[in-house]
Amino acid sequence: MTGSHSDFIAEDALASPRGLIAPLDDEPWDETLWMELIARIEGGDDRKGGVIPVAGPDLLTIEVEGKTVPLYQRVAELLAAKQGLPAPSPGPNPLPEVAAAFKRRTGKKPAQLLPLLKKIMADLDPKPSDALRRLAEVRGFRLFISTTPDRLLEQAIDEVRFGGSKGAQSISFQLSKPDDLPRPFEELAPNEAVVVHPFGLLSIMPNSCVLSEEDLLEFCYQFHQADASLSRLLAALRSRPLLFLGGMWNDWVARFFLRNARPGRLEGVDICDYFVGGNFAEASLADFLRDFASPTLLSSRSSVAFIGALRDEWVRQFPPPKNEQAPPPPALMPRHALFLSYAHEDTEPVARIKAGLDRALREAGLEVEVWFDTAKLKAGDQWDMKILQNLKACLFFLPVVSRQTEQALHDRYFRKEWNLADAGTMNNSHTYEFIIPIAVDDPPHREVPPSFNAAQVTLLRDGEVSQDFAATLVEKVRRRLEGNHGR
């Protein structure tokens with residue numbers, strides 16, 4: 321057992337007139353409370369069912385000289401040491417403290433620390449903690465919120481639910497390009513898992529994630545302004561309980577995030593949220609929640625121990641199938657990807673193209689996925705709608721032409737993609753580059769849409785990516801992400 325549901329919160333707390341469970345470390349959680357939480361998690365098929373966990377930095381740990389320490393404490397210590405700055409205060413995420421010290425000492429923007437921060441993270445190569453894996457084992461969770469700028473929660477989900485295959489979908493909030501859920505919450509398949517990063521993902525690009533307190537203020541402000549762009553995500557948040565695990569950046573962010581996730585004033589909302597561990601037991605925040613968020617349940621117990629107990633209770637009621645991993649969910653392109661479109665006969669050279677471009681983008685410090693659908697869509701799926709969603713989401717469309725595509729003239733999936741991409745160019749300026757054709761064998765390649773002929777086709781024989789093409793594409797991606805063309 322990783323924890324016991326008898327480890328948490330008092331039985332008589334149910335009698336509290338406001339429903340708030342104050343920190344009572346010496347009392348257990350009542351069995352009824354566990355049953356209610358499990359029932360809410362399991363009720364995800366209901367339009368207002370389901371619980372959304374919000375994972376804080378307390379859940380991420382790393383081993384240092386035989387001791388378990390918070391991951392971001394170690395990252396901040398290394399960052400400070402490499403910059404000759406004072407060691408930060410102990411805590412789950414003291415990066416803003418280091419960013420402020422850097423700004424005061426050098427006068428430079430903290431964003432200049434991002435390349436070094438990304439290298440430190442790559443050198444540490446952290447793995448998902450036991451807490452993240454146990455959270456992933458609660459398979460009733462379909463939508464997760466991660467408050468840290470890493471992909472460790474997605475990795476934990478992939479390991480636990482999909483046998484190491486890539487199955488978790490990742491959505492990152494960016495200041496200029498907010499990403500919404502791929503579909504409404506209630507339409508997510510039972511085996512889907514979507515992780516939302518409202519504070520961004522670590523990249524060398526400025527404004528990619530929260531590093532300083534000023535970044536935090538701006539991300540919160542822009543998130544608040546993004547109602548139209550995040551309609552599906554906000555609809556999910558505003559109608560379902562939130563399970564906050566392991567704290568947030570600070571007291572005021574916790575309040576602001578909760579208010580932003582609710583359709584109106586907190587006093588008038590009858591949704592039972594849960595706050596466990598981290599800074600949620602601080603007196604000022606606890607008093608605020610007691611006074612103005614009346615159905616809230618609050619525990620000052622360890623969020624890690626709580627997750628262990630929750631996982632054990634869930635598995636007791638819903639044992640996972642033995643020796644069976646859930647299949648990955650239907651392929652869905654992440655936003656700002658490179659869209660490789662090809663005939664299935666060319667899978668091998670296209671896989672080499674993907675590997676070469678993945679390597680080039682990774683070495684350039686760009687968090688951009690090179691995407692191609694190995695499964696394609698099944699007959700009867702809504703082809704046009706799904707293809708248009710992918711075309712709208714991607715940075716560039718990379719059709720792969722070959723002798724195979726020259727012969728495949730009728731009723732082929734890739735031709736639907738090509739024709740819709742070609743039609744979409746009519747909405748673009750002639751200076752806006754979107755389609756970048758690639759050939760994997762010698763021309764001529766005549767059976768292509770008109771816009772492909774207008775563009776310069778790059779020959780990558782047998783899918784081998786040249787250094788020149790990789791460098792050119794990396795620069796195009798960098799410019800597009802910086803917003804020079806406004807996609």
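Letter by letter, the sequence shown follows residues 321 to 807 of my numbering.
Glycine included, every Cβ here is placed at the ideal spot set by N, Cα and C.
Coarse secondary structure for residue i, derived from DSSP in three states
i, result
"LEU660", "strand"
"SER623", "helix"
"SER771", "helix"
"ASP346", "The predicted model places ASP346 with a pLDDT of 39, which falls under 50 and marks its position as unreliable, so this point remains unresolved."
"THR381", "strand"
"PRO669", "helix"
"GLY520", "strand"
"GLN489", "strand"
"VAL756", "For clarity, residue 756 is Ile in the given sequence; the question names Val instead. It is coil, neither helix nor strand."
"VAL311", "Here the chain comprises residues numbered 321 to 807, so residue 311 is not present and cannot be evaluated."
"GLY806", "A caution first: GLY806 carries a pLDDT of 41, below 50, which makes its placement in the model unreliable, though a value can still be read off. Residue state, collapsed to three classes: coil."
"VAL688", "coil"
"THR616", "coil"
"LEU495", "coil"
"LEU811", "Look at the range of the chain in this structure, 321 to 807, and you will see that residue 811 is not part of it."
"VAL395", "helix"
"ILE329", "With a pLDDT of 38 at ILE329, under the threshold of 50, the predicted position of this residue should be treated as unreliable, though the coordinate-derived value follows. ILE329 falls in the coil class under three-state DSSP."
"ARG338", "Unreliable positioning characterises ARG338 in this predicted model, as indicated by a pLDDT of 34, which lies under 50. The coordinate reading is nonetheless provided below. Coil, per DSSP."
"LEU779", "strand"
"VAL530", "coil"
Bounding residues of the beta strand (DSSP E) (the contiguous stretch that carries residue i)
i, result
"THR467", "That residue, THR467, is in no beta strand (DSSP E); it is neither H nor E in DSSP."
"PHE638", "First-last for PHE638: undefined, no H or E at that position."
"ALA375", "372 to 375"
"LYS387", "387 to 390"
"PRO719", "716 to 721"
Spatially closest choice to residue i from the options, by CA coordinates
i, options, result
"TRP572", "MET746, PHE608, ALA791 and GLY597", "PHE608"
"PRO414", "ASN570, LEU553, THR751 and ILE382", "ASN570"
"ALA430", "LEU553, LEU536, ASP378 and ALA555", "Position check: residue 430 holds Pro in this sequence, whereas Ala was assumed. If we check each option's Cα against that of PRO430, LEU536 comes out closest."
"SER449", "ARG735, PRO377 and GLY598", "PRO377"
"PHE539", "ALA556, ARG552, ALA555 and LEU521", "LEU521"
"GLU479", "PRO639, GLU457, HIS750 and THR468", "GLU457"
"GLN637", "ASP350, ILE358 and LEU353", "ILE358"
"PRO561", "GLU362, ALA775, HIS765 and PRO769", "GLU362"
"SER559", "PRO583, PHE543 and TYR541", "PRO583"
"PRO767", "ALA555, ASP593, GLY411 and ARG723", "Here residue 767 is Glu; the residue named in the question, Pro, does not match the sequence. Out of ALA555, ASP593, GLY411 and ARG723, ARG723 has the C-alpha closest to the C-alpha of GLU767."
"PRO640", "ARG481, LEU353 and LYS796", "ARG481"
"PRO751", "GLU587, ASP678 and ARG800", "Reading off the sequence, residue 751 comes out as Thr, not Pro. Comparing Cα positions, the closest option is ARG800."
"ASN527", "TYR392, LEU434 and ALA420", "LEU434"
"LEU617", "LEU563, ARG575, GLU668 and SER604", "LEU563"
"HIS765", "LEU436, ARG610, PRO410 and LEU729", "LEU729"
"ALA509", "GLU474, ASP547 and ARG462", "ARG462"
"ALA741", "GLY411, PRO719, MET441 and PRO504", "PRO719"
Contacts around residue i, its chain only, beta-carbon distance under 8 Å, and the 5 residues preceding and following it disregarded
i, result
"LYS438", "LEU522, SER523, ILE524 and GLY685"
"GLY700", "Annotation note: pLDDT 46 at GLY700 (below 50); position unreliable, coordinate value reported separately. Within the same chain, GLY700 has no close Cβ partners at all."
"VAL794", "ALA680, LEU681, ALA684 and LEU686"
"ALA657", "VAL688, GLU689, VAL690, TRP691, ALA713, CYS714 and LEU715"
"ALA407", "GLU397, ALA400 and ALA401"
Cut-off 7 Å between Cβ atoms - residues of its own chain near residue i, not counting five sequence neighbours on either side
i, result
"GLY808", "Nothing in the structure corresponds to residue 808, since the chain is present only between 321 and 807."
"GLN403", "PHE422"
"LEU550", "PRO498 and ASP500"
"PHE577", "MET568"
"PHE754", "PHE716, PHE717, THR745 and ASN748"
"VAL670", "LEU660, TYR662, PHE692, VAL720 and GLY783"
Chain-order list of residues whose beta-carbon lies under 6 Å from that of residue i (same chain, five-residue window excluded)
i, result
"GLY566", "GLY376, ASP378, LEU379, GLY597, GLY598 and SER623"
"VAL516", "ILE465 and ILE491"
"LEU495", "ASN527 and GLN542"
"TYR594", "LEU563 and LEU617"
"HIS544", "ASN580"
"PHE612", "LEU586 and GLU587"
"VAL374", "ILE465, LEU562 and PHE564"
"ARG655", "ASP499 and ALA713"
Residue interval of the alpha helix (DSSP H) (run including residue i)
i, result
"ASN748", "No alpha helix (DSSP H) holds ASN748; DSSP gives it neither H nor E."
"MET441", "434 to 444"
"ASP788", "787 to 801"
"PRO416", "415 to 426"
"ARG503", "Run containing ARG503: none; DSSP gives neither H nor E here."
"LEU508", "Premise fails: LEU508 is in no alpha helix (DSSP H) and is neither H nor E."
"LEU353", "351 to 362"
Cβ-heavy atom distance, residue i to the ligand COA, below 8 Å
i, result
"LYS712", "Absence of the ligand COA is noted for the structure shown, with no ligands found whatsoever."
Ignoring anything shorter than 3 residues or poking outside the region 545 to 613, list the beta strand (DSSP E) runs there in chain order. 562 to 565 and 594 to 596
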